[in-house]
Each structure stands twice: as structure tokens, then as C-alpha cells.
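Chains P and D supply the protein sequences, listed in that same order. Quick note: the first sequence uses the numbering used here, first residue 1, plus one each step. Quick note: the second sequence uses the numbering used here, first residue 1001, plus one each step. Here is the structure we will look at.
2 protein chains.
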Amino acid sequence: MLDERKLAVLRAVVEDYVSTNEPVGSKSLVDRHNLDVSPATIRNDMAVLEEQGYITQPHTSAGRVPTDKGYRLFVDRLSHMKPLSSAERRAIQTYLAQAYGLDDVVMRTVRLLAQLTRQVAVVQYPSLTRSVVRHIELVRLGPQKLLVVLITDTGRVEQRMVDLPDRCEDEDVAHLRALLNASLDGRRLTEAVRIVAGLTETVPPAGRANAAAVFSVIMANLAERNEERIVFGGTANLAAPDFSQGLRDVLEALEEQVVLMRVLGDATDESLLSVMIGRENPVEGLRTTSLVTSGYGSGGETLAKLAVLGPTRMDYPGTMGAVSAVARYVGEILMES
Amino acid sequence: MLDERKLAVLRAVVEDYVSTNEPVGSKSLVDRHNLDVSPATIRNDMAVLEEQGYITQPHTSAGRVPTDKGYRLFVDRLSHMKPLSSAERRAIQTYLAQAYGLDDVVMRTVRLLAQLTRQVAVVQYPSLTRSVVRHIELVRLGPQKLLVVLITDTGRVEQRMVDLPDRCEDEDVAHLRALLNASLDGRRLTEAVRIVAGLTETVPPAGRANAAAVFSVIMANLAERNEERIVFGGTANLAAPDFSQGLRDVLEALEEQVVLMRVLGDATDESLLSVMIGRENPVEGLRTTSLVTSGYGSGGETLAKLAVLGPTRMDYPGTMGAVSAVARYVGEILMES
DNA sequence: CTTGGCACTCAGGAAGCATGAGTGCCAGGG
DNA sequence: CCCTGGCACTCATGCTTCCTGAGTGCCAAG
């Protein structure tokens, strides 16, 4: 359907358009790439490519611009991930290694991605569901007030206040703490939810109301608040001289956690790289942007996703390289800590 | 120097310009406000106001636009904070009351401010220095690994991993925990730093290396990481059809925590409302914006600041009302929790 | 299938022009 | 002394017109 040269032309169109941000014409194409044919030939090829929907012209008699479909083909078959330089990789590693605490890791990841790609970076906090309970701590803050702290192996620490129905003493708290840790330590959070659900009955009636309150908070925390937080940064890169179009929509989408969740969720589940181009995107406001997503996690499992968001006219090979590298290193860091 | 009517004219110019975003001329002024004089008279007044630097014309023969100096006078002497409607106040209270945990309070505050003012909201986490230690928890995660959790009365929870020089047992940890809580509970963080510094000597030599490691982490956490985190939201409001000018600079400034710190720091220390207009702003990229800042805190003390950022051409009375109301309610919420 | 030639299209900038909002100034009136 | 109506002047804005050049599609010849 498309011979070798037509594909080469498409690739060239994408590359040139990405770097110049101007519709690319047949003449400049032969000049910049060493295609050994005349502009007229290229014009014929471009006519075909346009007919098939891979490129389009903004107005009659202007160069061609890739369509979403064109970018798609480019990403799938015409380009390869561009690996980062070893200097860059070392910089990433040392910068991430300096992080302490999950919050800091996530924050640094966002900055890193935004700076490497000069685009908007989006990072999801590691999912709780697949991680393992390391410890549960109960702190008595008052006669009827407790702080529940849940620590997971990915370094995530969740805390929440609980107002108790009855008064309680330090020793009640100690009992409950011991019970919880004995039952949950080392369990996956998914199991933990089930275990906690069955735990109320084992508590002596006297403290049962209080225990139930604590348990329900733990379950809510585990079951509901999963993967909720998403952080982004690098929005200043959106204000690039081109692409002010629809900026407001994009910013709105970014600030709406739910929307972001949905977008990340739609990307492939596998830990592999996934690219969403323009209108492939499920969210209205992001129809003019592309999203390069990767899962990350410690060990073999994908704990959460991170992504880079930019105009469809983006440097896909470079962005993909950066996303994939950062995802790998973040995973390593999480494993260590 | 400026008689009553000239002040009225200035006020009218500011109000009209804020609402229309177009230079305002003498005719439309007399039409929209019921000044009982002719346009010519107004023109004379405006000439004087311009001479004094309160207003300016973008080009000859266009209406006048307030200068930073004009806004300053308007804010200082010509306007009053516009209180929120009681419906709005109730909405704020219930929305904030639903928050659990400090993170959630801060997040909700940001959203609230951004929505109320349709501008960018900036909220600083409550300062640690003035708050009080409620509890310190040590969790043993491995033979040489500890998690330190510090809980303050403002609901802030700080955690950090510590790698220990020597191996330790559960009972060592329990000792240390007891020691720390006995020494620090109820103390202000500023005192706590000093106390911890002198604590190493009281530990028996066997565990001293480990204890020292823990102490130094606590001190670092208390002394250095204060007031560090700043959260913002509502950036989509920056993309208003006007004011795309310098948008990139503004976004960059917002993402740079250090810069934000500096800006908030320059605002008045008192818990009162402070307004910074245009070039009064210390940060280069924010020279076209105004910042309405207020301290907030539980009880009489200011724990941190929150602010709204918008174009100099903003609705000062309304913004000030919103900022001040939100600051008060956040303070109340923090006090309760 | 490729190529040079050629007529055609049309966005974008330059130039000219009209419009009108808004001004500054002045002379007369309270 | 301040207010007012009148008047000439300025200039951003929007309109039309025109021109240019990049880029096209098509065709006939190699």
C-alpha cells in the first residue's frame, strides 16, 4: 500500500514539522533529507499520503502537516525510542537517589521529566493495592481521638484521624495495635482489606465499637483512596509560543484529578510504553495533545503510571526515551527504599 | 492635593477598567457612574491624575488605565473588603469541614480560593516552628532501618527513613521512643530542636550511635524543612483571553517553590491582609500580577500564609474578602483537628 | 515511474483609507 | 476660580486592496 519511499517521506515530514513547526513542502524536503528524487516525485507521494489520511494541508498551497493518523504510523513503525545519553542517565540516577521519602521521590520525578522533555510531566503515586503492609501504627491523641498511620513497602505512608465513639486508654490502643500488626504485617493490601473486615468479631465486646471505627477507617483508606493522588509539573512549558490554542482546556484537565486518572487508566496496563495521540485521547480538552505513558514499579509489578503530555507535534522518540528511562530508575529507587 | 472628586474619578476608573478590561474614557465614566459633572470636567481631573502618576494612557487618544500607583491608592483608601455572602461562607465552612488530614485541608483550601476568586491560589503548609509536638513514633522496618514519624498539633505528619549505623532490636527502639516522647511531648518545635541536641549524652553508650542518627534526622526535619511546601492551583484561570502576556514567566515562578517562598515572605508578617501590586513584587516574572496575601493559623498565631495571584487588573475588594474569609475558616478547622 | 515545466491558489504582509473614541485646549458663564 | 460646551487634533483599529512567493496539481516528455 505504501512503498518504502512513501514511508520515508512521511517520516521526513514528521521530523521536519516537529523541528520547525511549519508546514513542510516538497522542495525543502528533498533539500534537508537526501532523497534522490525530484520535488515533483515527492509531491506525488505526498498526494497519496494525503489521500490516505496521513498528512494534510492547512490550506491549499501550503506544505503538509502530519495528521494524528500520520503520527500514529510514525510512532508505530517509523521511529525508535531514542535512548538518553549516559550523562543524562547518570544525572537522573543521582538526582533521584538524593530523594528521601515517597513525596520527595515523586516530586523529583515530576521535575526530572518536565525538564528532560521540556513538557508537562504527570506522575501518579504508587498504588497501594499491590503493595504490602509493613506496619500499622496507632497513636492516641486524646481520650476519643486516634491517629492511624499505615506504612507500606513502597515507602508510602498514609495517615488519618479517627474520632472514637467511646473513650479509650493507652492499653486498649496497644492491644489493638498488636492485633492489627499481627494480622496484617506482610500482607498485600488487597488481602488486608478482607482480613480487617473479619477482624471485628475477634475483639472483646468492650472495645468493639472503637475497634470497628478504626477498622472502617483502615478499610476506607485501603480500598477507596487508592492511587488517588496525581502530581504534575512543567506547565510553564505549555506556554511555548505556538500551542497557546486550547491551553485553558489543558490546564483545566490537568487540575482535575479524576480526568487525569481516566487518561492514565486508558493507557495500556502493561509496564510498556504507551503513546496516545491527539484525538485518540478520551478527554475532550486533551484532543490537541499527545501523552506518552509508562508504568513503573519495583520488582516485576507495575505500581502506578507516569506520563509526559505535550502537543501532538512532539519529539516522540526523545520523549519516549526519557519516559522509559525515568520510569525504570524510579522503580529502582522505590525498590531500594 | 487630590480633592474628593478626583478620588472618586480614580475609583471609578479602577472599577470600570477592572470590569471591562478596556481603557476608560471621560464620557463612559460620567455615563456609568452618576457624577454630576460634564465629561470635560472629568477630563481635567484625569489630566491631573495622570500627571501625578495614578493613571496613564496606553496611547494618545485612548482612555485611561490605572497604574500600579493608582491601584495602590485605590486599595489603601478608596475601597473596602467586600465580605462574602452568607451562602458562600456556609459553603466554605462545610467544604472545609469535610476534609480529613492536613493534606486534604490544604488541597481543599487551594481549590476553594481558586474557585471563589477565579484566579490562582497559593497555600503554604502550616509552619512547623510554631506548632507543638504531639507525638513521635519510631517504627522498626529492619535491623538497621527505622521510620521516624513526627506528629504536630496542626495535624501535620512528617516522616522520614533512617539508616542506622548499628543493628538494633525492638526494645532499643521502644526505649528511644519513650525517651523522645517524654522529652518532647507538648514542646514547641523550636524548643524541641534544642532539647534533642542535648539528648545524645543521656543515652547509654551502647545505643548512642543509633540514637544520634535518629536525633540528627529529627533535627534536620524540624529545623530545615520548615514551611517548605507550597501548593497552588487554578492555573487554568491564567489562560483568560486577556493576560496571556508573560504567562510563561508566571507559570515558571509558580513552579519554583523558592520563588514563591520569597514572595510570600515579603508580604507583611502580621496576620492581616497584605496586597502587593505589580512592580512592588520582588520577583521578576510576577511584575504584571498582584498578590493578595493573608496569614492564617489556629488561635492567635500565624502558622503560614495563603494568597491569591492575579493580574494587577483584579477585583481587589472581592479577592480580599475571599482571602480573608478563607484564611479565617482554615484557621478554625486547624484548631479543631 | 520520474521529471521539468507551467499555470494556479491563497495566506500573509504592506499600503492606503475611513472611522470614531478620546483627548487637550480655549473662551464664555456661573 | 471652577465648570462647561465647542472644536480641532490624534491615532489605534478595522477595512479594503494589492502583491508576493511558497507550494501545489497536472501534464507531457524522458
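Yeah, the Cβ is synthetic: ideal placement off N, Cα and C, and Gly gets one too.
Taking the alpha carbon of residue i as the point to measure from, which residue in the options has its own alpha carbon closest?
i               : options                            : result
I151 (chain P)  : P:R160, P:R134, P:L141             : P:R134
S1298 (chain D) : D:V1330, D:Y1316, D:T1289, D:P1282 : D:V1330
L273 (chain P)  : P:T302, P:E255, P:L286, P:G285     : P:T302
D1315 (chain D) : D:E1015, D:S1061, D:R1156          : D:E1015
S290 (chain P)  : P:M261, P:G101, P:M320, P:P23      : P:M320
D68 (chain P)   : P:Y100, P:V13, P:V326              : P:V13
H59 (chain P)   : P:E22, P:A8, P:T117                : P:E22
E50 (chain P)   : P:Q124, P:G25, P:H33, P:D31        : P:G25
T1293 (chain D) : D:Q1124, D:E1158, D:A1240          : D:Q1124
R1072 (chain D) : D:G1278, D:I1136, D:A1192          : D:G1278
V1275 (chain D) : D:I1042, D:D1045, D:H1080, D:M1107 : D:H1080
I218 (chain P)  : P:V162, P:L247, P:L238             : P:V162
L1251 (chain D) : P:G265, P:A236, P:T202, P:E255     : P:A236
V105 (chain P)  : P:T117, P:R118, P:Q119, P:P126     : P:P126
N1181 (chain D) : D:V1148, D:V1009, D:T1109          : D:V1148
E158 (chain P)  : P:G246, P:N221, P:A209             : P:N221
A178 (chain P)  : P:I136, P:L7, P:D3                 : P:I136
A1322 (chain D) : D:A1087, D:A1253, D:T1200          : D:A1087
A1053 (chain D) : D:R1032, D:L1029, D:K1082, D:L1010 : In the sequence as presented, Ala is not what sits at residue 1053 (chain D); that position holds Gly. Residue D:L1010 is the option with its Cα nearest to G1053 (chain D).
V1326 (chain D) : D:I1092, D:I1055, D:G1070          : D:I1092
For residue i, which residues does DSSP report across the bridge?
i               : result
L1291 (chain D) : D:M1276, D:L1309
A1304 (chain D) : D:Y1296
F74 (chain P)   : Per DSSP, none; premise fails for F74 (chain P).
V24 (chain P)   : P:R64
I42 (chain P)   : In the DSSP output, where bridge partners are listed per residue, I42 (chain P) has none listed.
G1233 (chain D) : D:A1121
I55 (chain P)   : P:P66
Use the C-beta contact count for residue i: other C-beta atoms within 10 angstroms, 16 or more gives buried, fewer gives exposed.
i               : result
D103 (chain P)  : buried
P1066 (chain D) : buried
R90 (chain P)   : exposed
K305 (chain P)  : buried
V196 (chain P)  : buried
G300 (chain P)  : exposed
S1019 (chain D) : exposed
A62 (chain P)   : exposed
G310 (chain P)  : buried
M335 (chain P)  : exposed
S85 (chain P)   : exposed
V1258 (chain D) : exposed
V77 (chain P)   : Position check: residue 77 (chain P) holds Arg in this sequence, whereas Val was assumed. Per the 10 Å Cβ criterion, exposed.
R262 (chain P)  : exposed
T154 (chain P)  : buried
E1228 (chain D) : exposed
M1001 (chain D) : exposed
T1312 (chain D) : buried
A1040 (chain D) : exposed
G1265 (chain D) : exposed
A1047 (chain D) : exposed
R1167 (chain D) : exposed
D1037 (chain D) : The residue you asked about is not Asp; residue 1037 (chain D) is Val in the sequence shown. So V1037 (chain D) ends up on the exposed side.
N34 (chain P)   : exposed
G1233 (chain D) : buried
R160 (chain P)  : buried
E1255 (chain D) : buried
I want to check one thing, is the minimum distance from the CB of residue i to the heavy atoms of the ligand GTP below 7 angstroms?
i              : result
T109 (chain P) : What this structure holds is no ligand at all, so the ligand GTP is not there to describe.
Hey, is the stretch 1186 to 1193 of chain D in contact with the stretch 1126 to 1140 of chain D, meaning 3+ C-beta pairs nearer than 8 angstroms? yes
Ordered list of beta strand (DSSP E) runs contained in the stretch 143 to 221 of chain P, each at least 3 residues: 145 to 152, 157 to 163
Does the pairing of the stretch 1262 to 1269 of chain D with the stretch 1084 to 1101 of chain D give three or more beta-carbon distances under 8 angstroms? no
Return the chain-ordered ranges of every beta strand (DSSP E) run that is complete within the stretch 1077 to 1157 of chain D and spans a minimum of 3 residues. 1120 to 1124, 1133 to 1142, 1145 to 1152
The stretch 1134 to 1143 of chain D in contact with the stretch 1165 to 1175 of chain D per 3-pair CB rule at 8 angstroms: yes
Taking contact to mean 3 or more Cβ pairs, one atom from each stretch, closer than 8 angstroms, check whether the stretch 278 to 285 of chain P and the stretch 104 to 117 of chain P are in contact. no
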